[in-house]
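Taking it in order: structure first as structure tokens, then the write-up.
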Amino acid sequence: MRANFLLRTAGYWTSAGDAIAIVDAPSDQSSGMNDAFRLSETHAQDLHVIVAALRQRFPAAKIALVGTSRGTISVGNVLQREPRLADAYVLTSPVTIGMRGEAGLSGMHWDVSTTPVLVVSNENDGCRVSPFSAAHTLAKDNRFQFLAVSSSERGGNGASECGAKSPHGFLGIETQVLSAVSRWLEEPGTVPR
């Protein structure tokens, strides 16, 4: 998880004066979080507690839940169960295709017309569980805002198609993606650019 797009770019947000909270697997899930757990009521409650603590600590702040890759499953779960928990939601490289018994976001639909949601996908994402076309369909079918970006940079030999240092992780265009997301978060619901 160290090279994950959101972890790799955390400094962008803190240097802009934003506070961030990075969520890892809870102690009772020490072997990691599968999709079934990410989609559970228990996990949604975990995130509810975290957001409540952030609202207490930063009462005037707007809160956005942002997930990348498998993290989008966690964010999608909260969005479906409690859409008003956060002020905005961002799904980057969303896992839209179920595979090997894992559901991902496949088959999920949200009725959240008043909740701002942005989906960000790389046209060259080669990860089998998060293809660009499926991310675009996810956004279109749910009336979410959609941001298409393009990069084909890879992090060297053996870089996984679903790894952080690939188009899936926005390698080489991190600042472009972050700037667009930041602008969108300032005015959620506007067309991202």
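Quick note on numbering: the sequence shown equals residues -12 to 180 in my numbering.
All residues carry an ideal CB built from backbone N, CA and C; glycine is no exception.
C-alpha distance - residue i paired with residue j, whole-angstrom precision
i      : j      : result
ARG170 : THR29  : 32 Å
LYS49  : PHE133 : 21 Å
THR55  : ASP15  : 22 Å
GLU173 : VAL106 : 16 Å
ARG141 : MET95  : 31 Å
ALA47  : ARG71  : 16 Å
ILE60  : THR101 : 20 Å
THR1   : MET86  : 35 Å
VAL136 : ASP74  : 24 Å
PRO175 : VAL168 : 9 Å
SER18  : VAL10  : 15 Å
Cβ shell of residue i (< 8 Å), same chain only, five flanking positions each side left out
i      : result
ILE84  : GLY91, SER93, ARG115, VAL116, SER117, PRO118 and ALA121
ASN129 : HIS96, TRP97, VAL99 and VAL104
Classification of residue i by the beta-carbon crowding that lies within 10 angstroms, buried from 16 upward
i      : result
ALA39  : exposed
VAL178 : exposed
ALA3   : exposed
MET20  : buried
VAL36  : exposed
THR162 : exposed
ASP22  : buried
ALA6   : exposed
ARG25  : buried
GLY63  : buried
SER80  : buried
PHE131 : buried
Residues near residue i in its chain [Cβ-Cβ closer than 6 Å; skip 5 each side]
i      : result
GLY156 : PHE(-8)
ALA126 : VAL106 and PHE133
ARG57  : VAL82
Spatial neighbours of residue i in its chain, beta-carbon cut-off 7 Å, leaving aside the 5 residues before and after
i      : result
ASP33  : PRO13
LEU165 : THR(-4) and TYR(-1)
ARG138 : Position check: residue 138 holds Ser in this sequence, whereas Arg was assumed. These residues qualify, in order along the chain: ASN109, ASN111, PRO154, PHE157, LEU158, GLY159 and ILE160.
Residue i and residue j closer than 8 Å at C-beta
i      : j      : result
ALA184 : ALA151 : With the chain covering -12 to 180 only, the question about residue 184 has no answer from this structure.
ARG69  : GLY113 : The displayed chain sequence assigns Glu, not Arg, to residue 69. No, Cβ-Cβ distance for GLU69 and GLY113 is not below 8 Å.
TYR76  : LEU41  : no
TRP97  : LEU78  : no
Near the ligand MN: residue i beta-carbon under 7 Å from a heavy atom
i      : result
SER120 : Within the structure as shown, the ligand MN is missing, as the structure has no ligands at all.
In chain order, what are the residue ranges of uninterrupted beta strand (DSSP E) at least 3 long that sit wholly in the segment 44 to 128? 51 to 55, 75 to 79 and 104 to 109
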